[in-house]
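Enquirer:
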Amino acid sequence: MVVAFIYAILKRNTGYAVREFYDLTLLSTWVILILPTLILSWVCFVYQKKKQSHFVVTRLFNVAITLCLAVVVALFMPNLFLYPFEFGVGMESIFNTDYLYKSVGYWLAIMIMLIIAMFVYRVCKQLSNTFVVALVSLALVIFTIQNFITIAQILIVRRFIAYQQWLMDLVIFVLSHVNFFIFIFIIVSLVLAFVIYLKGKTTPLNGQNPAQIRRIKANIRRDRRASLVILAGVAITAYTITRARYIYEKGVEISPAEPITASNNGLILVPLDKVNDGNLHRFGYETHDGTIVRFIIIKKSENAYGVGLDACDICGASGYYQRGDQVVCSLCDVVMNIATIGFPGGCNPVPLKFDIIDGNMLIKPMHLEAEKHRFK
Numbered sequence: 385m386v387v388a389f390i391y392a393i394l395k396r397n398t399g400y401a402v403r404e405f406y407d408l409t410l411l412s413t414w415v416i417l418i419l420p421t422l423i424l425s426w427v428c429f430v431y432q433k434k435k436q437s438h439f440v441v442t443r444l445f446n447v448a449i450t451l452c453l454a455v456v457v458a459l460f461m462p463n464l465f466l467y468p469f470e471f472g473v474g475m476e477s478i479f480n481t482d483y484l485y486k487s488v489g490y491w492l493a494i495m496i497m498l499i500i501a502m503f504v505y506r507v508c509k510q511l512s513n514t515f516v517v518a519l520v521s522l523a524l525v526i527f528t529i530q531n532f533i534t535i536a537q538i539l540i541v542r543r544f545i546a547y548q549q550w551l552m553d554l555v556i557f558v559l560s561h562v563n564f565f566i567f568i569f570i571i572v573s574l575v576l577a578f579v580i581y582l583k584g585k586t587t588p589l590n591g592q593n594p595a596q597i598r599r600i601k602a603n604i605r606r607d608r609r610a611s612l613v614i615l616a617g618v619a620i621t622a623y624t625i626t627r628a629r630y631i632y633e634k635g636v637e638i639s640p641a642e643p644i645t646a647s648n649n650g651l652i653l654v655p656l657d658k659v660n661d662g663n664l665h666r667f668g669y670e671t672h673d674g675t676i677v678r679f680i681i682i683k684k685s686e687n688a689y690g691v692g693l694d695a696c697d698i699c700g701a702s703g704y705y706q707r708g709d710q711v712v713c714s715l716c717d718v719v720m721n722i723a724t725i726g727f728p729g730g731c732n733p734v735p736l737k738f739d740i741i742d743g744n745m746l747i748k749p750m751h752l753e754a755e756k757h758r759f760k
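And the structure:
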């Protein structure tokens, strides 16, 4: 928690904190820890089944699972710390209904998450250890696979490994289906709710006296309520990441690209007077095979321009749009630092080479031809 808080402060107030390096360190640590943690958990489970104990194995498992939990907290808590600061992006004041709605949604989401976690824990206490250990192990394996894909994404974007088409296709697929892993964990939660509900249906009402029978019935009602709470939380989560998200994002449409062609000298010429207003300008160049390659231009400062493809290494050719004074990715809603447009990395537009001569920006068509695969 301390590490997450320090990182959040550095990320918010300085330029020293790079999210990719931070995530890469934590995710690599997770990948190293998870296999011995799973092995130790099953070894402890076997000892427990035999009603035996092993001091060294138990201590090692406690250390391993504590480190895994620490990695998860350090990985996800900065998002919770920093997210409220994004509520006011593009607003002149925080005293408006839009900011209020975002704040209410933020705290409501945290509350729902805690309620689901609490009742999943209660349900797990009522089920057999074998079933719970197996299901939790499966969930951890799925989470590790997700982390592997994230690591691959960071390594490719940061040029730490050579570009592999199959690996990039996998990363793009996951990014295009951002809810894939969330739905997997929703299914796991549904399995827990179904099993505890079924257990209540099959529990015999056997007792030595009426008090014991009443206690059994009370336990069954409690388990059913827990399963219903989990179902309600899952339903809210599923609605939020599907229909509610669609409603929120459906109004975001990128403006059409202005067609542009090469001049007589074989170069694409854009007069600077046309893009000096500080707004995002989108152009479309048709390659020899008919592919429309889009690129964007925005004036960053008095003598600097941000020029790049209307696509990035992470989200593909989803495009960017302008929201107030911000440039935003239309797929993942990440706000670009305008000063970094024209530089590689993260969700930034893929840089595009250009020259400025006699008040005109010159772009070579061959550079656009080389990137046409991104727009097919």
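385 is the number of the first residue of the sequence shown in the numbering used here; add one for each residue after it. A virtual CB, placed ideally from N, CA and C, is assigned to each residue, including glycine. Since the structure is predicted, the reported quantities are computational estimates derived from the model, not experimental observations.
(1) Could you work out which residue in P733, A646, G743 and L693 is closest to N687 when comparing CA atoms only?
(2) Quick check: what's the CA-CA separation for K841 versus T442?
(3) Could you work out which residue in T481, V654 and W491 is closest to F465 when comparing CA atoms only?
(4) Cα-Cα, which of I740, N732, V734 and V719 is closest to F469?
(5) Can you tell me whether L511 is helix, strand or coil according to DSSP?
(6) For G690 versus I725, is the C-beta spacing smaller than 9 Å?
(7) I need the boundaries of the alpha helix (DSSP H) containing K395, first residue and last residue.
(8) Count the C-beta pairs between the region 508-523 and the region 568-586 that are closer than 8 Å, then say yes if the count reaches three, no if not.
(9) Using C-beta distances below 7 Å, list every residue in its chain close to I526, excluding the 5 sequence neighbours before and after it, in chain order.
(10) By how many angstroms is the C-alpha of I631 removed from the C-alpha of N531?
(11) Could you pull out every residue in the same chain whose Cβ sits closer than 6 Å to the Cβ of V517, ignoring the five residues on either side in sequence?
(12) Can you tell me whether R403 is buried or exposed, with buried defined as 16 or more other CB within 10 angstroms of its CB?
(13) Grouping DSSP H, G and I as helix and E and B as strand, with all else coil, what is V579?
(14) What residues in its chain sit with their C-beta under 7 Å from that of L653, if we drop five residues either side in the sequence?
(15) Which whole runs of the beta strand (DSSP E) in the region 612-662 are 3 residues long or more, in chain order?
(16) So, under 8 Å CB-CB, S412 and I535 are touching, yes? Tell me the CB distance rounded to an integer number of Å.
(17) Leaving out the 5 sequence neighbours to the left and right, which residues in its chain are closer than 8 Å to I496 when beta-carbon positions are compared?
Expert: Result, derived from the coordinates:
(1) Mapped onto the sequence shown, residue 687 falls at position 303. For N687, the nearest C-alpha among the options comes from G743.
(2) Missing from the structure shown is residue 841; the chain here goes from 385 to 760 and no further.
(3) Your numbering for residue 465 matches position 81 in the sequence shown. Taking only the C-alpha atoms, the option nearest F465 is W491.
(4) Indexing the sequence shown from 1 puts residue 469 at position 85. Looking only at I740, N732, V734 and V719, the smallest Cα-Cα distance to F469 is reached by V719.
(5) Counting from 1 along the sequence shown, the entry for residue 511 is found at position 127. L511 falls in the coil class under three-state DSSP.
(6) Residue 690 sits at position 306 when you count from the first residue of the sequence shown. Residue 725 sits at position 341 when you count from the first residue of the sequence shown. Yes; because the gap between Cβ atoms is below 9 Å, this pair is in contact.
(7) Here residue 395 refers to the residue found at position 11 of the sequence shown. K395 -> alpha helix (DSSP H) spans V386 to N397.
(8) At 8 Å Cβ cutoff, the stretches touch.
(9) Taking the sequence shown and counting its residues from 1, one reaches residue 526 at position 142. Contacts found: F565 and I568.
(10) Here residue 531 corresponds to residue number 147 of the sequence shown, with the count starting at 1. Here residue 631 corresponds to residue number 247 of the sequence shown, with the count starting at 1. Cα-Cα distance, rounded: 29 Å.
(11) To locate residue 517, count along the sequence shown from 1; it is residue 133. These residues qualify, in order along the chain: F429.
(12) Start at 1 with the first residue of the sequence shown, and residue 403 comes out as number 19. Exposed, since its Cβ has fewer than 16 Cβ neighbours within 10 Å.
(13) Stepping through the sequence shown from its first residue, residue 579 is reached at position 195. Shown here, V579 sits in a helix according to DSSP, grouped into three states.
(14) Reading the sequence shown from its first residue, position 269 is the one you call residue 653. Within the same chain, L653 has close Cβ partners S647, N744 and L746.
(15) Counting only runs of 3 or more, we get 642-644 and 652-655.
(16) Within the sequence shown, numbered from 1, the residue matching residue 412 stands at position 28. Within the sequence shown, numbered from 1, the residue matching residue 535 stands at position 151. Taking the Cβ atoms as the reference, S412 lies roughly 7 Å from I535, within the contact range of under 8 Å.
(17) Here the question's residue 496 lines up with position 112 in the sequence shown. Only G617, I620 and T621 meet the Cβ criterion.
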